[in-house]
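Participant: For the record, in the sequence shown the residue sitting at position 2 is 22 according to the working numbering, with numbers rising by one throughout. All residues carry an ideal CB built from backbone N, CA and C; glycine is no exception.
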Amino acid sequence: MRLPRRKLLHLGASVAVLSAASRIALARDYPTRPIHLVVGFFAGGLSDILARLIAQSLSERLGQQVVVDDRPGAGSNLATEIVARAAPDGYTLLLVPFTATINATLYDNLNFNFVRDIAPVATISRTAGIMVVNLSLPTRTVPEFIAYAKANPGKINFASPGTGSLPHVAGELFKFMTGVNLVRVPYTSSYFPDLLAGQVQVSFATVPSAIEFVRAGQLRALAVTGPVRSQVLPDVPTVGEFVPGYEADAWNGVGAPTSTPPEIVDKLNKEIDAVLADPAMQAQLIKIGSEPLSMRPVEFGKFIVSETEKWAKVIRAAGIRPE
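#1: Would you say the stretch 123–132 touches the stretch 308–323, given that touching needs at least three Cβ pairs under 8 Å?
#2: How big is the Cα-Cα spacing for residue 195 and residue 240?
#3: If you count every other CB in all the chains shown that lies within 10 Å of the CB of residue 237, and 16 or more means buried, which is it?
#4: Per the DSSP calculation, residue 143 is bridged to which residue(s)?
#5: For residue 2, does the three-state DSSP call read helix, strand or coil?
#6: Can you list, in chain order, the residues of its chain with a C-beta nearer than 7 Å to that of residue 311? Leave out the 5 residues immediately preceding and following it.
#7: Could you check if residue 269 is buried or exposed, using at least 16 other CB atoms within 10 Å of its CB as the buried criterion?
#8: Based on Cα-Cα distance, which residue from 67, 106, 303 and 105 lies nearest to residue 365?
#9: Locate the alpha helix (DSSP H) running through residue 163, then write down its first and last residues.
#10: With DSSP as the reference, label residue 245 as helix, strand or coil.
#11: Thinking C-alpha only, which one of 156, 212, 287 and 107 is nearest residue 137?
#12: Buried or exposed for residue 158, please, with buried defined as at least 16 other CB atoms from any protein chain shown within 10 angstroms of its CB.
#13: Going straight from the alpha carbon of residue 168 to that of residue 176, what length do you get?
#14: Buried or exposed: where does residue 54 fall if 16 or more other Cβ atoms within 10 Å of its Cβ makes it buried?
#15: Measuring straight from C-alpha to C-alpha, what distance separates residue 206 and residue 182?
#16: Can residue 228 and residue 308 be called in contact, C-beta distance under 9 Å?
#17: In the DSSP output, which residue or residues are listed as bridge partners for residue 87?
#18: In the DSSP assignment, find the unbroken beta strand (DSSP E) run with residue 176 in it and report its ends.
#19: From what residue to what residue does the alpha helix (DSSP H) around residue 233 run?
#20: Can you pull the DSSP bridge partners for residue 148?
#21: Provide the residue(s) that pair with residue 258 in DSSP beta bridges, ordered along the chain.
#22: Under 8 Å: does the beta carbon of residue 334 sit that close to some heavy atom of the ligand GDP?
#23: Can you give me the Cβ contacts of residue 101 inside the same chain, cut-off strictly under 6 Å, excluding the 5 residues immediately before and after it?
#24: Once the 5 residues before and after residue 37 are set aside, which same chain residues still bring their CB inside 6 Å of it?
#25: Counting only the same chain and skipping the five closest in sequence on each side, list residues whose C-beta sits under 8 Å from that of residue 289.
#26: Would you give the residue range spanned by the beta strand (DSSP E) that residue 187 belongs to?
#27: Mind checking which residues open and close the beta strand (DSSP E) that includes residue 316?
#28: Use the C-beta contact count for residue 202: other C-beta atoms within 10 angstroms, 16 or more gives buried, fewer gives exposed.
#29: So which of 296, 295 and 79 has the shortest CA-CA distance to residue 51?
#30: Does residue 341 come out as helix, strand or coil in the three-state DSSP assignment?
Here it is in structure tokens:
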């Protein structure tokens, strides 16, 4: 039996209304069981600490346990793939690190497309880097450092941990935007002993890792790498005050498998924002060298795209390859 076209259209509209109604009902009841927040790094690192801080408060607000699930491996790509392949029901989430936007270009043949397969849910925090130099280097400001580096091309070593880390890409971005010739010295363990001894002269370290050396007068802070001055080092300028447009910080957020109902994404966003608005949470973040960062899903999505494009240019210009 063939139905008249008008009835078919009416039937289609009814199905769409029912589908929307079921999604809204699902979001209203969500969550009804524990949520897993997958982290692509080892326990004890900054991403893991941030995840546990957020999970504890989010569990209280949602009435269901948010379980932190550390899945280190392949520069956090293993965790991303786990979430990209999970059911889009809001029960498997990803602690999104800023390195995800670097990995999109750094690694060939990934089994997922980060921008396509992970839906942005909410941002959590940003952790600035800090440009620190050995005390023997005759530079006290970023302009002085640039002038000295240009007068001594290839004679200044910059230290960084693993490929694609904030200290690595922040240094490469600095080279890219200023035209200075710095020699990268990669480390698999702490580079601070060599930096303090002067065997390497500069690093674009994370604030939490370097701040005590700065406070003790053992390293000289020239600038922070974020878009604004750090609350923990308010007298230290940003690199961008001298190099317009420069910005490099380690941000973290939350993502979900693509096709997760927008009503669930919106609910999670609002609850995470409420957690970040708590003064006690803000104080805990600042204590570990991070600052709260709040974005709506659409804004977060645009931010991810812009960060991916920015780091793609740096990675290609510097010829960076996975180690």
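Facilitator: Taking the geometry as given:
#1: no
#2: Counting from 1 along the sequence shown, the entry for residue 195 is found at position 175. Counting from 1 along the sequence shown, the entry for residue 240 is found at position 220. Each residue's Cα considered, the two are about 19 Å apart.
#3: The sequence position of residue 237 within the sequence shown is 217, counting from 1. Exposed.
#4: As a first step, residue 143 is located in the sequence shown; it is residue number 123 there, counting from the start. Residue 143 is bridged to 273.
#5: What the structure shows of the chain is the stretch from 21 to 343, and residue 2 is not part of that stretch, so it cannot be assessed.
#6: What you label residue 311 is simply residue 291 of the sequence shown in a count that begins at 1. Closer than 7 Å at Cβ, skipping near neighbours: 145, 146, 251 and 305.
#7: Within the sequence shown, the letter at position 249 stands for residue 269. So residue 269 ends up on the buried side.
#8: Nothing can be reported for residue 365, as the shown portion of the chain is limited to 21 through 343.
#9: Working through the sequence shown from its first residue, we reach residue 163 at position 143. Element bounds for residue 163: 162–171.
#10: Translated into the one-based positions of the sequence shown, residue 245 becomes position 225. Coil, per DSSP.
#11: For the purposes of this step, residue 137 is identified with residue 117 of the sequence shown, where counting begins at 1. Among 156, 212, 287 and 107, the Cα nearest to that of residue 137 is on 107.
#12: For the purposes of this step, residue 158 is taken as residue 138 along the sequence shown, with counting starting at 1. Result: exposed.
#13: Here residue 168 is taken as the residue at index 148 of the sequence shown, counted from 1. Here residue 176 is taken as the residue at index 156 of the sequence shown, counted from 1. Approximately 9 Å, taken between the alpha carbons.
#14: Counting from one through the sequence shown, the residue named residue 54 turns up at place 34. By the 10 Å Cβ count, residue 54 comes out exposed.
#15: Residue 206 sits at position 186 when you count from the first residue of the sequence shown. Residue 182 sits at position 162 when you count from the first residue of the sequence shown. Cα to Cα, the separation comes out at about 7 Å.
#16: Sequence index remark: in the sequence shown, residue 228 carries index 208 (1-based). Sequence index remark: in the sequence shown, residue 308 carries index 288 (1-based). The answer is yes: Cβ separation under 9 Å.
#17: On the sequence shown, position 67 is the one that residue 87 refers to. DSSP, once it has assigned bridges, lists 56 as partnering residue 87.
#18: Here residue 176 is taken as the residue at index 156 of the sequence shown, counted from 1. Segment 176–180, the beta strand (DSSP E) holding residue 176.
#19: Here residue 233 refers to the residue found at position 213 of the sequence shown. Note, residue 233: alpha helix (DSSP H), 227–235.
#20: Position 128 of the sequence shown, counted from the first residue, corresponds to residue 148. Paired residues: 269.
#21: Stepping through the sequence shown from its first residue, residue 258 is reached at position 238. Partner(s): 244.
#22: With respect to the ligand GDP, the structure shown offers nothing to examine, as it has no ligands at all.
#23: Within the sequence shown, residue 101 is the residue found at index 81, counting from 1. Cβ neighbours of residue 101 beyond the five flanking positions: 131 and 132.
#24: By 1-based counting over the sequence shown, the position of residue 37 is 17. Note that residue 37 scores 46 on pLDDT, short of 50, meaning its location in the model is unreliable and no value can be drawn from it.
#25: The residue labelled residue 289 in the question sits at position 269 within the sequence shown. The answer, listed in chain order, is 141, 142, 316 and 317.
#26: Locating residue 187 in the sequence shown gives position 167, where the first residue counts as 1. First-last for residue 187: 186–198, but that is the alpha helix (DSSP H), not the beta strand (DSSP E).
#27: Against the sequence shown, residue 316 aligns to sequence position 296. Careful: residue 316 lies outside any beta strand (DSSP E) and carries neither H nor E.
#28: To locate residue 202, count along the sequence shown from 1; it is residue 182. With 16 or more other Cβ atoms within 10 Å, it is buried.
#29: As a position in the sequence shown, residue 51 is number 31, starting the count at 1. The shortest C-alpha separation from residue 51 is found at 79.
#30: Here residue 341 is taken as the residue at index 321 of the sequence shown, counted from 1. Coil.
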